[in-house]
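Q: Can you read through this structure? Questions will come right after.
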Amino acid sequence: MPLHMTRRALLTTAMAAGATSALGRLAHAQVKTPNVLCHRVHQANLTTGAAGNVIKPWEDKNNAQISWTTLDSNPLQDRLFREASLSETDFNVGYVIDNRMTSQIASLFEPLDDLRKAEPIEDFDDIAEGLRQSMIVGGKLVGVPVRHATQGLFYNEELLQEAGISAPPNTLEELVEQAKKLTFTSRSGTPVVGMILASDLAVFPVMFARAFGGDFIDKQFKVVPDSEAMEKGLSVLADLFKAGALPRSYATTRNDDMVTWMQQGRAAFAVLPFARYAQLNNKEQSTAPGKIKAIEFPGSKTLDSGHEMHPVVESWAMAIPANSTDKKLSWSYIRFVASKAATLDMARNGNGPVRTSTYAEPSFAGSLPQAKVEAAALAKARPAFPAFPEAARAQSTFLEEVQLAVLGRKSPKEAVAAIVDRVKPLMPA
14 MPLHMTRRAL
24 LTTAMAAGAT
34 SALGRLAHAQ
44 VKTPNVLCHR
54 VHQANLTTGA
64 AGNVIKPWED
74 KNNAQISWTT
84 LDSNPLQDRL
94 FREASLSETD
104 FNVGYVIDNR
114 MTSQIASLFE
124 PLDDLRKAEP
134 IEDFDDIAEG
144 LRQSMIVGGK
154 LVGVPVRHAT
164 QGLFYNEELL
174 QEAGISAPPN
184 TLEELVEQAK
194 KLTFTSRSGT
204 PVVGMILASD
214 LAVFPVMFAR
224 AFGGDFIDKQ
234 FKVVPDSEAM
244 EKGLSVLADL
254 FKAGALPRSY
264 ATTRNDDMVT
274 WMQQGRAAFA
284 VLPFARYAQL
294 NNKEQSTAPG
304 KIKAIEFPGS
314 KTLDSGHEMH
324 PVVESWAMAI
334 PANSTDKKLS
344 WSYIRFVASK
354 AATLDMARNG
364 NGPVRTSTYA
374 EPSFAGSLPQ
384 AKVEAAALAK
394 ARPAFPAFPE
404 AARAQSTFLE
414 EVQLAVLGRK
424 SPKEAVAAIV
434 DRVKPLMPA
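Quick note on our numbering: the sequence shown kicks off at 14 and runs consecutively.
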């Protein structure tokens, strides 16, 4: 090959190189960059873990590279709602907690019914009903559930056996009886309380009220729809405290304390999300690894056949800001992430799967001892209360009265009356 080059050849080569460079720039420019605003756990479940990078096939198919913006829960919600309030936002998809989707917030997001009709989500009804319903506001679907934390009843099997109890409780009454019997000093010399509950979350008194067919606030925003059921629930909690089956420090007990007490063998029962199973049985942290198990929270034996025990669930959903651009790409992302295959792979990466069918998949259920129990609980689960603007204040007020009843400073009847009087004015018109 000659070392010299004619002027024409040089010009031709330069033009070809320029064309190649231009094509490269054009191809690069055509790569889409969808912006997703979420918690870091959502990104992790989609990109790392046993199932690998779940979202990569979608990126490859759509010639896209996702730009992730991750924040902790409260800052994330504040940022997302601010972005959705602007004239336009660069974010294509945002992740929303179920108890934040008020009617006012819902108006900031794109209704998804028409998009779902045009391009359906695979077997949408397979997503747990309680999660789907929490994202229907004013009759419109505004979010697609993607992650959940459903509450179960954890128990320390070793402590039960030590106390001569052969099986966990089937009814709330049996739970109370066992919790009292398990308020003792174990063979290791550890003082044990029958049950550990945090006092700063509505989850726990709501679960006890639901065990009798009651609730705090129903879907129609009625405060304490069944006063008698709520009184019975608070009476059980007050009785447990009086018997010493709840810690003396109940008023200052927080969520993380529950995990610690269960790991240390200081409590026999706790109400926690099923997802805590691995943490509670961690060999490096737990005194009874493999022996802390979970069941559905039991209803009262007086709960008639027409009522179910509805565990409390908290969930996240994917939503499209109404002021975002390229909603078609946004919906494509949501449809892919909500598919059965992606839901399974995210579960293998550590996500709480929103589809009940996922719990029957061997590649997931095989590594999850409580899979069958959690699936049954999820199918019936509902949020602690519906979303509304004064929800945080209502929960705080509710917990003040609950604590007075549990500590014996008010009767359950007086506390329930006060809950209704104080919370009712906070309800949406």
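No residue lacks a Cβ here, since even glycine has one placed at the ideal position from N, Cα and C.
(1) Threshold first: 3 residues or longer. Then list the beta strand (DSSP E) segments lying entirely within the region 304-383, N to C.
(2) Under 8 Å, do V443 and A307 count as touching if we go by C-beta distance?
(3) Taking only three categories from DSSP, how would you classify V157?
(4) Between A442 and N75, what straight-line distance do the alpha-carbon atoms span, to the nearest angstrom?
(5) Please report the distance separating the alpha-carbon of S248 from that of T315.
(6) Do you know how far the Cα of A355 is from the Cα of I347?
(7) Could you check whether the region 147-164 touches the region 386-399, counting it as contact only if at least three pairs of C-beta atoms, one from each stretch, sit closer than 8 Å?
(8) Could you give the distance in angstroms between the alpha-carbon of Y290 and the alpha-carbon of A57?
(9) Measure the C-alpha to C-alpha separation of P334 and V106 and round it to an integer number of angstroms.
(10) In chain order, what residues of the same chain have a beta carbon less than 7 Å from the beta carbon of N336, not counting five sequence neighbours either side?
(11) Ordered along the chain, which non-local residues of its own chain (more than five positions away) have a Cβ less than 6 Å from that of W71?
(12) Since T61 and N295 should fall inside the 8 Å C-beta cutoff, what is the C-beta to C-beta distance between them, to a whole number of angstroms?
(13) Do the region 196-211 and the region 404-413 make contact, defined as three or more Cβ pairs closer than 8 Å?
(14) Please list, in chain order, all residues of the same chain as A232 whose beta carbon is under 7 Å from its beta carbon, the five residues on each side excluded.
(15) Take the Cβ of V44 as the centre, count every other Cβ of all protein chains shown within 10 Å, and call the residue buried at 16 or more, exposed below.
(16) Expressed to the nearest angstrom, what Euclidean distance is found between the alpha-carbon atoms of V67 and M331?
(17) Looking at T184 and the ligand ZN, is the gap between the Cβ and the nearest heavy atom below 7 Å?
(18) Do F225 and G246 have their CB atoms nearer than 8 Å?
(19) Which class does V206 belong to by DSSP, given the choice of helix, strand or coil?
(20) How many whole angstroms separate the CB atoms of M243 and P324, which I take to be in contact at a CB cut-off of 8 Å?
(21) Would the region 145-163 and the region 115-122 be scored as touching if the rule is three or more Cβ pairs under 8 Å?
(22) Once DSSP output is grouped into helix, strand and coil, what is the label at G226?
(23) I need the boundaries of the alpha helix (DSSP H) containing G246, first residue and last residue.
(24) What residue range is occupied by the uninterrupted beta strand (DSSP E) comprising S120?
(25) So, for E309: in the same chain, excluding its five sequence neighbours on each side, which residues have a beta-carbon less than 8 Å away from its beta-carbon?
(26) Between P302 and Q292, what straight-line distance do the alpha-carbon atoms span, to the nearest angstrom?
(27) Tell me whether S86 sits in a helix, a strand or coil according to DSSP, three-state version.
(28) Less than 8 Å between the beta carbons of V109 and G156, yes or no?
(29) Kindly identify the DSSP beta-bridge partner or partners of L3.
(30) With distances taken between CB atoms, is the gap from H55 to D85 smaller than 8 Å?
(31) If we ignore side chains and look at the alpha-carbon of each, how far apart do S299 and L259 end up?
(32) Alpha carbon to alpha carbon, what distance is there between P218 and S212?
(33) Among the residues of its own chain, which have a CB less than 6 Å from the CB of I178, if the five just before and after it don't count?
A: By the coordinates alone:
(1) 305-308 and 326-332
(2) Absent from the structure is residue 443, since the part of the chain shown begins at 14 and ends at 442.
(3) Here residue 157 is taken as the residue at index 144 of the sequence shown, counted from 1. In this structure, V157 counts as strand in the three-state DSSP scheme.
(4) Locating residue 442 in the sequence shown gives position 429, where the first residue counts as 1. Locating residue 75 in the sequence shown gives position 62, where the first residue counts as 1. If I take the Cα positions, the gap works out to 44 Å.
(5) What you label residue 248 is simply residue 235 of the sequence shown in a count that begins at 1. What you label residue 315 is simply residue 302 of the sequence shown in a count that begins at 1. Using only the alpha carbons, I get a separation of about 15 Å.
(6) To locate residue 347, count along the sequence shown from 1; it is residue 334. To locate residue 355, count along the sequence shown from 1; it is residue 342. If you take the alpha carbons of I347 and A355, they lie about 11 Å apart.
(7) yes
(8) Here residue 290 is taken as the residue at index 277 of the sequence shown, counted from 1. Here residue 57 is taken as the residue at index 44 of the sequence shown, counted from 1. Roughly 19 Å separates the two Cα atoms.
(9) Against the sequence shown, residue 334 aligns to sequence position 321. Against the sequence shown, residue 106 aligns to sequence position 93. Whole-angstrom Cα-Cα distance: 7 Å.
(10) Numbered from 1 along the sequence shown, position 323 holds the residue referred to as residue 336. These residues qualify, in order along the chain: A97, L99, S100, E101 and T102.
(11) Counting from one through the sequence shown, the residue named residue 71 turns up at place 58. Cβ neighbours of W71 beyond the five flanking positions: F349.
(12) The residue given as residue 61 occupies position 48 in the sequence shown. The residue given as residue 295 occupies position 282 in the sequence shown. With 8 Å as the limit, T61 and N295 do not qualify as a contact, their Cβ atoms being about 20 Å apart.
(13) Too few Cβ pairs lie closer than 8 Å, so no.
(14) Taking the sequence shown and counting its residues from 1, one reaches residue 232 at position 219. The amino acid occupying residue 232 in the given sequence is Lys; Ala does not appear at that position. Taken in chain order, the residues that qualify are P399.
(15) Indexing the sequence shown from 1 puts residue 44 at position 31. V44 comes out exposed.
(16) Here residue 67 refers to the residue found at position 54 when the sequence shown is read from its first residue. Here residue 331 refers to the residue found at position 318 when the sequence shown is read from its first residue. Each residue's Cα considered, the two are about 16 Å apart.
(17) Within the structure as shown, the ligand ZN is missing, as the structure has no ligands at all.
(18) Your numbering for residue 225 matches position 212 in the sequence shown. Your numbering for residue 246 matches position 233 in the sequence shown. Taking 8 Å as the Cβ cut-off, F225 and G246 qualify as a contacting pair.
(19) Translated into positions along the sequence shown, residue 206 becomes position 193. V206: strand per DSSP, three-state reduction.
(20) Your numbering for residue 243 matches position 230 in the sequence shown. Your numbering for residue 324 matches position 311 in the sequence shown. Contact doesn't hold; Cβ gap of about 17 Å is too wide.
(21) Look at the beta carbons and you see the region 145-163 touching the region 115-122: at least three pairs across the two are nearer than 8 Å.
(22) Counted from its first residue, the sequence shown places residue 226 at position 213. Coil at G226, not helix or strand.
(23) Mapped onto the sequence shown, residue 246 falls at position 233. Its alpha helix (DSSP H) spans residues S240 to K255.
(24) Residue mapping note: residue 120 aligns to position 107 of the sequence shown, counting from 1. Here S120 belongs to no beta strand (DSSP E), and DSSP marks it neither H nor E.
(25) Taking the first residue of the sequence shown as 1, we reach residue 309 at position 296. Only G165, L166, M322, P324, V386, A389 and A390 meet the Cβ criterion.
(26) Taking the sequence shown and counting its residues from 1, the one referred to as residue 302 is at position 289. Taking the sequence shown and counting its residues from 1, the one referred to as residue 292 is at position 279. Cα to Cα, P302 sits roughly 9 Å from Q292.
(27) For the purposes of this step, residue 86 is identified with residue 73 of the sequence shown, where counting begins at 1. Here S86 sits in helix by DSSP.
(28) On the sequence shown, residue 109 is found 96 positions in, with the first residue counted as 1. On the sequence shown, residue 156 is found 143 positions in, with the first residue counted as 1. Closer than 8 Å, so yes.
(29) Shown here, the chain extends from 14 to 442; a query on residue 3 therefore has no answer.
(30) By 1-based counting over the sequence shown, the position of residue 55 is 42. By 1-based counting over the sequence shown, the position of residue 85 is 72. In this structure, the beta-carbon distance from H55 to D85 does not fall below 8 Å.
(31) Here residue 299 refers to the residue found at position 286 of the sequence shown. Here residue 259 refers to the residue found at position 246 of the sequence shown. Going from the Cα of S299 to the Cα of L259 covers about 21 Å.
(32) On the sequence shown, residue 212 is found 199 positions in, with the first residue counted as 1. On the sequence shown, residue 218 is found 205 positions in, with the first residue counted as 1. For S212 and P218, the distance between alpha carbons rounds to 9 Å.
(33) For the purposes of this step, residue 178 is taken as residue 165 along the sequence shown, with counting starting at 1. For I178, where only same-chain residues beyond five positions count, the Cβ hits under 6 Å are Q191.
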